[in-house]
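Residues in the sequence shown are numbered consecutively from 152, following the working numbering.
Below you'll find the structure, written out as structure tokens, and then a few comments.
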Amino acid sequence: MDTIFDNGENTMRTMTTGMVIGLAALALAGCQRDGAAKVEMGEQVPGGRTAVALLRTAAGADVGRATATEVGGGVRFTIDGKAMPPGTHGAHVHMVGRCDAPDFTTAGAHWNPAGTQHGTMNPQGPHNGDLPNLIVGTDGRGTLGVTVPGATIDGVLDADGSAMVVHANPDDLKTDPSGNSGGRIVCGVFRQS
152 MDTIFDNGEN
162 TMRTMTTGMV
172 IGLAALALAG
182 CQRDGAAKVE
192 MGEQVPGGRT
202 AVALLRTAAG
212 ADVGRATATE
222 VGGGVRFTID
232 GKAMPPGTHG
242 AHVHMVGRCD
252 APDFTTAGAH
262 WNPAGTQHGT
272 MNPQGPHNGD
282 LPNLIVGTDG
292 RGTLGVTVPG
302 ATIDGVLDAD
312 GSAMVVHANP
322 DDLKTDPSGN
332 SGGRIVCGVF
342 RQS
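The following block contains the structure:
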């Protein structure tokens, strides 16, 4: 409401306008805070961290990369494979950031902070490190992308790190501890990028 005093002073008008502008600024600031806090499940977190693992065979050949990205509600893992053996392969995040050839057993077991059993089809699973199978075409290329709810980039980059491992065989998604996915044929250590 604008009121003008007869003596020509605009004090009341200035106060009213100032209050309206101040309230609008507060409302806008509240919207901006709410917008930043409401990142949808799977959407990249503004300013979120990313870790990359360069994937190698036991002979040291470059066969792609894996990425872990902070997203709303978890971590999104992607694999971009090249020059890999065609077929279906188990793919898992392992709990130690070491990839010593020839068998990559130094990467430890699957990343499993909750102490569950293996597999998305196991009623007592899955591990955080249990990803869907990676399907590699006859051209040696394969891609995978999945969000693991509740996972954190801090967990991926903890004191001993973590590694992405691709196995020789398909993961049956239920048999503890690794889905009968066979030997470890590709490994890469996650490093913050």
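We put the CB at the ideal spot given by N, CA and C, even for glycine.
Quick caveat: nothing in here was measured; it's all calculated off a predicted structure.
task = Return the chain-ordered ranges of every beta strand (DSSP E) run that is complete within the segment 206-233 and spans a minimum of 3 residues.
result = Counting whole runs of 3 or more residues, the segment 206-233 contains the beta strand (DSSP E) stretches 213-222, 225-232.
task = May I ask you to report which of helix, strand or coil DSSP gives residue 196?
result = Reading the sequence shown from its first residue, position 45 is the one you call residue 196. The answer is coil: DSSP assigns residue 196 none of H, G, I, E or B.
request  = Give the DSSP-derived three-state secondary structure of residue 238 in the structure shown.
outcome  = Against the sequence shown, residue 238 aligns to sequence position 87. Reduced to three states, the DSSP call for residue 238 is strand.
ask   = Taking residue 202 as the reference, which of 336, 320, 254, 305 has the closest Cα?
value = In the sequence shown, the residue the question calls residue 202 occupies position 51. Residue 202 has its Cα closest to that of 305, out of 336, 320, 254, 305.
task = Keeping to the same chain, check which residues put their C-beta closer than 7 Å to that of residue 291; ignore five residues upstream and five downstream.
result = Here the question's residue 291 lines up with position 140 in the sequence shown. Counting only Cβ-Cβ distances below 7 Å, and skipping sequence neighbours, we find 233, 234, 235, 237.
task = Provide the residue(s) that pair with residue 324 in DSSP beta bridges, ordered along the chain.
result = For this step, residue 324 is matched to residue 173 along the sequence shown. Residue 324 pairs with nothing; no bridge assigned.
task = Find out if the Cβ-Cβ distance for the pair residue 320, residue 333 is shorter than 7 Å.
result = The residue given as residue 320 occupies position 169 in the sequence shown. The residue given as residue 333 occupies position 182 in the sequence shown. Taking 7 Å as the Cβ cut-off, residue 320 and residue 333 qualify as a contacting pair.
request  = Indicate whether at least one CB of chain B lies closer than 7 Å to the CB of residue 316.
outcome  = Protein chain content of the structure displayed is limited to a single chain, and chain B is not contained in it.
key: Backbone secondary structure at residue 247 - three-state DSSP   = Counting from 1 along the sequence shown, the entry for residue 247 is found at position 96. Coil at residue 247, not helix or strand.
task = Just tell me which of 284, 214, 206 has its CA closest to the CA of residue 314.
result = The sequence position of residue 314 within the sequence shown is 163, counting from 1. Checked all of 284, 214, 206; the closest Cα to residue 314 is 206.
ask   = Measuring CB to CB, does residue 245 end up less than 7 Å from residue 269?
value = As a working note, residue 245 is residue 94 in the sequence shown. As a working note, residue 269 is residue 118 in the sequence shown. Cβ distance not < 7 Å, so residue 245 and residue 269 don't count as in contact.
ask   = CA-CA distance, residue 216 and residue 208?
value = Taking the sequence shown and counting its residues from 1, the one referred to as residue 216 is at position 65. Taking the sequence shown and counting its residues from 1, the one referred to as residue 208 is at position 57. Going by the C-alpha atoms only, they are around 12 Å apart.
ask   = Can you tell which of 330, 325, 297, 303 has the C-alpha that lies nearest to the C-alpha of residue 231?
value = One-based indexing of the sequence shown puts residue 231 at position 80. Selected option, being the one with the closest Cα: 297.
key: Start-to-end residues for the beta strand (DSSP E) that takes in residue 296   = Mapped onto the sequence shown, residue 296 falls at position 145. Note, residue 296: beta strand (DSSP E), 293-300.
message = Output needed for residue 265: all residues of its chain with C-beta closer than 6 Å, excluding positions within five of it in sequence on either side, in chain order.
response = Translated into the one-based positions of the sequence shown, residue 265 becomes position 114. So the list is empty, once near-sequence residues are dropped.
inquiry  = To the nearest angstrom, how far is the alpha carbon of residue 276 from that of residue 210?
reply    = Translated into positions along the sequence shown, residue 276 becomes position 125. Translated into positions along the sequence shown, residue 210 becomes position 59. Roughly 33 Å separates the two Cα atoms.
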